[in-house]
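Residues in the sequence shown are numbered consecutively from 1, following full-length UniProt numbering.
Below is one structure, written out as structure tokens; the observations come after it.
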Amino acid sequence: MLAGLGLVRAALGPDGVRRAFRLVLTDNGPEFADEDGIAALLGELPGETRLFYCDPRRADQKGGCEKNHVEIRKLPPKGRGISFDRLTRADAAIVMSRVDSEPRGRLAWRSPA
Numbered sequence: 001m002l003a004g005l006g007l008v009r010a011a012l013g014p015d016g017v018r019r020a021f022r023l024v025l026t027d028n029g030p031e032f033a034d035e036d037g038i039a040a041l042l043g044e045l046p047g048e049t050r051l052f053y054c055d056p057r058r059a060d061q062k063g064g065c066e067k068n069h070v071e072i073r074k075l076p077p078k079g080r081g082i083s084f085d086r087l088t089r090a091d092a093a094i095v096m097s098r099v100d101s102e103p104r105g106r107l108a109w110r111s112p113a
């Protein structure tokens, strides 16, 4: 996870990371255990990214994030899987624009954006 986050930081730069990841909410999985390493890549100074962990056995605390994952998985054709290896910045912007503009029942049929 840290290697991937390092690639994101290299591509976006420190300012891009601060704009893209103002807040990170994650579970307590082993891939997120290196809190200092994550903080170093994201930045946790005032005005930078803030990192939060859900309480153990409380998946409901990040339901909105999980819903975005479900919506992202709906986009590629069935049976082709998802690979972000060749995803460009423009591709990511299109994906997130589509996910963020999708009306959701839980939001009274408004979009999260």
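Glycine included, every Cβ here is placed at the ideal spot set by N, Cα and C.
As the structure is a computational prediction, the values presented were derived from the model and not from experiment.
Continuous alpha helix (DSSP H) stretch holding residue i: start and end
i      : result
Arg-9  : 2 to 20
Arg-98 : 89 to 101
Asp-36 : 35 to 42
Residue i burial status per 10 Å Cβ neighbour count (16 or more: buried)
i      : result
Thr-49 : buried
Leu-42 : buried
Phe-21 : buried
Through-space distance from residue j to residue i, alpha-carbon basis
i      : j       : result
Val-99 : Trp-109 : 14 Å
Pro-56 : Asp-91  : 34 Å
Ser-97 : Val-17  : 18 Å
Ala-93 : Ala-11  : 14 Å
Ile-72 : Gly-4   : 18 Å
Phe-32 : Lys-78  : 30 Å
Residue i - containing beta strand (DSSP E), residue span
i      : result
Leu-23 : 23 to 26
Leu-51 : 50 to 53
Beta-carbon contacts of residue i that lie in its chain and below 6 Å, excluding the five residues immediately before and after
i      : result
Cys-54 : Asp-27, Gln-61, Lys-62
Simplified DSSP assignment, three categories, for residue i
i           : result
Arg-110     : strand
residue 115 : Residue 115 lies beyond the residue range present for the chain, which begins at 1 and ends at 113; the question has no answer from this structure.
Pro-30      : helix
Lys-67      : helix
Lys-62      : helix
Lys-78      : coil
Contacts around residue i, its chain only, beta-carbon distance under 8 Å, and the 5 residues preceding and following it disregarded
i      : result
Glu-66 : Ala-59
Leu-2  : Asp-34, Gly-37, Ile-38, Leu-41
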